Amino acid sequence: MAATKGAPDLYSQFLSSAPGAFLAKQAGLPKPETLRRYQPGEPPLAGPVLIGGSGRLVEPLRVLLSDYPAASPHDDKLGGLVFDATGIENIEQLEQLYQFFQPAVRNLGPSSRVVVLGTTPEETGDIEEHIAQRALEGFTRSVGKELRRGGTAQLVYVSPDAAPDLSGVESTLRFLLSAKSAFVSGQVIAVGKDGSTAPASWDRPLEGKVALVTGAARGIGATIAEVLSRDGAHVICADIPAAGEALSQTANKVGGTSLALDVTAPDAAEVLEKHVKERHSGGLDIVVHNAGITRDKLLANMDDGRWNSVIGVNLAAPHRLTTALVKSGTLNDGGRVIDVSSIAGIAGNRGQTNYGTSKAGVIGLVHAEAPELAKKDITINAVAPGFIETAMTAAIPFATREAGRRMSSLLQGGQTVDVAETIAYFASPASNAVTGQIVRVCGQSLIGA
Ligand code: NAD
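Per the numbering used here, the sequence shown runs over residues 1 to 449.
(1) Check whether the Cβ atoms of V184 and V169 lie closer than 7 Å to each other.
(2) Assuming G195 and A163 form a contact by the criterion Cβ under 8 Å, report the distance between their Cβ atoms to the nearest whole angstrom.
(3) Determine whether the beta carbon atoms of I346 and F426 lie at a separation below 7 Å.
(4) For A242, which of A216, T422, A391 and S229 has the nearest alpha-carbon?
(5) Across the stretch 396-411 and the stretch 351-365, are there enough close Cβ pairs to call them in contact, namely three or more that are closer than 8 Å?
(6) Can you tell me which residues form a DSSP beta bridge with I286?
(7) Quick one: Cα of V287 to Cα of R336, how far?
(8) Please go through the same chain and pick out, in chain order, the residues whose beta-carbon is closer than 7 Å to the beta-carbon of A424, but skip the five residues on each side of it.
(9) Does the beta-carbon distance from V263 to A317 come in below 7 Å?
(10) With a threshold of 6 Å on Cβ separation, who are the neighbours of A3 within its own chain once the five nearest residues in sequence on each side are excluded?
(11) Among I447, S431 and S248, which has the Cα closest to the Cα of F467?
(12) Please check the pair V419 and I220, which I expect to be a contact at CB under 8 Å, by giving their CB distance rounded to whole angstroms.
(13) For the alpha helix (DSSP H) that contains F100, what are its first and last residues?
(14) In this structure, does DSSP put F183 in helix, strand or coil?
(15) Which whole-angstrom value describes the C-beta separation of G386 and G356, a residue pair presumed to lie in contact below a C-beta threshold of 8 Å?
(16) Taking buried to mean at least 16 other C-beta atoms within 10 Å of its own C-beta, is T400 buried or exposed?
(17) On a Cα-Cα basis, can you pick out the residue from N314, R295, G348 and L284 that is closest to D333?
(18) Using the Cα positions of P121 and I131, report the straight-line distance between them to the nearest angstrom.
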């Protein structure tokens with residue numbers, strides 16, 4: 001994958017030096033773990049998985065995870081803990097969490113994975129069960145904050161009507177129980193009831209698909225293009241005409257096509273439709289609205305140009321393009337739309353009223369459009385990146401940049417590949433039961449909910 005062109009992480013470099021390590025130990029400074037990331041051919045986890053719980057999912061889970069090495073409770077280098085909490089129907093039964101996790105959590109090895117499965121609270125139809133299931137969020141997010149050495153924890157809510165073979169949940173579990181979710185922690189993903197067909201190859205689930213990535217010339221967009229291409233897709237790499245040279249480089253690298261396209265141009269949808277029609281008779285399967293800009297200023301000092309350009313690129317364009325591509329049938333039924341929000345859209349950010357508005361609007365757009373698009377079996381989801389090492393974050397003043405990096409459970413900034421892997425998970429044909437979801441890729445940043 002492309003080397004990330006962020007600012008050097010001087011703190012991590014210092015701690016890796018002999019005097020730095022000594023000083024850090026004396027002063028009790030937090031030390032960021034080198035996160036284990038996906039490498040083809042390597043096992044998804046660094047150690048065996050212990051499965052527990054007594055709900056409706058535990059037996060199908062054992063079958064689903066049969067190719068992961070199974071652990072005994074006494075293994076002391078566990079790669080993951082997976083707990084079926086759907087059997088917890090009232091407050092008293094929450095103790096099951098304590099009983100399973102309390103002895104096991106100390107046996108987790110580096111870059112470990114904790115996944116709790118529950119029943120979507122709103123779909124339980126029972127007050128006691130709703131309360132108990134909602135409580136799982138606080139448990140999982142707190143575990144995420146306690147894990148050390150690059151460990152992550154997530155909660156997956158599964159519809160009570162989910163296919164009994166759990167096929168609809170498989171793509172989510174495979175993502176969360178792998179090195180692809182290295183920078184995702186403390187997240188809650190709800191999976192609907194539909195079953196899924198496993199792809200012929202989990203290594204190339206996008207084989208034969210055509211994907212559009214906007215803002216693909218550099219940064220996160222360039223890596224998204226690489227990862228979707230690695231997973232088998234043909235990628236149309238789009239960016240503003242001025243990005244020409246860098247855009248061609250990305251397109252060449254991924255064996256895709258480059259398309260000069262300002263997403264805010266009045267004829268952007270027509271240009272896209274023409275491009276797809278001329279070159280891809282099978283239409284478009286995946287749209288990633290990654291193009292984004294910042295124009296920071298305190299609100300009191302902000303001119304209307306800054307306000308309008310940010311709302312235009314980050315929010316109005318994705319909304320307009322998705323609507324047009326669906327209406328014209330350019331985006332196939334069963335397609336995937338993935339938007340890029342930001343933790344600034346969740347927590348707000350000083351100097352970013354325009355950006356925060358646009359990125360919160362993206363969350364609204366995902367929630368609002370999901371039910372309508374579902375009628376065509378199109379899913380729409382968003383990633384909300386936190387601090388990712390790119391040119392955008394390298395431009396942040398030093399002290400703020402350092403705070404952004406360290407104020408998270410994983411104590412470091414993420415890589416562009418972390419965002420791209422999450423997008424690839426949403427893009428998978430096997431993620432058809434996942435829609436209307438927002439997944440933060442932020443190392444469980446303390447900023448935001
Ligand atoms: P970047 O500035 O490195 O890249 C953005 C790309 O979008 C550029 O190639 C740019 O030319 C392109 N672009 C801008 N306006 C466009 C337009 N009108 N039409 C087509 N292309 C256009 O940014 P990045 O850090 O890679 O960010 C990518 C996305 O991730 C953005 O939506 C950003 O808001 C979001 N994000 C980034 C971070 C981070 O830490 N870097 C955090 C949260 C969210």
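Here a beta-carbon is modelled for each residue, glycine too, at the ideal position from N, C-alpha and C. Since we're looking at a predicted model, the values are computed, not measured.
In this structure, then:
(1) no
(2) 3 Å
(3) Cβ atoms of I346 and F426: not closer than 7 Å.
(4) A216
(5) By the criterion of at least three beta-carbon pairs nearer than 8 Å, the stretch 396-411 is not in contact with the stretch 351-365.
(6) A211 and R336
(7) 6 Å
(8) V227, L228 and D231
(9) yes
(10) Note that A3 scores 43 on pLDDT, short of 50, meaning its location in the model is unreliable and no value can be drawn from it.
(11) For residue 467 there is no data in the structure shown, the boundaries of the chain being 1 and 449.
(12) Between V419 and I220 the beta-carbon gap is near 5 Å, inside 8 Å, which marks them as a contact.
(13) E95 to A104
(14) coil
(15) Actually they do not touch by this definition, with Cβ atoms about 14 Å apart.
(16) exposed
(17) L284
(18) 7 Å
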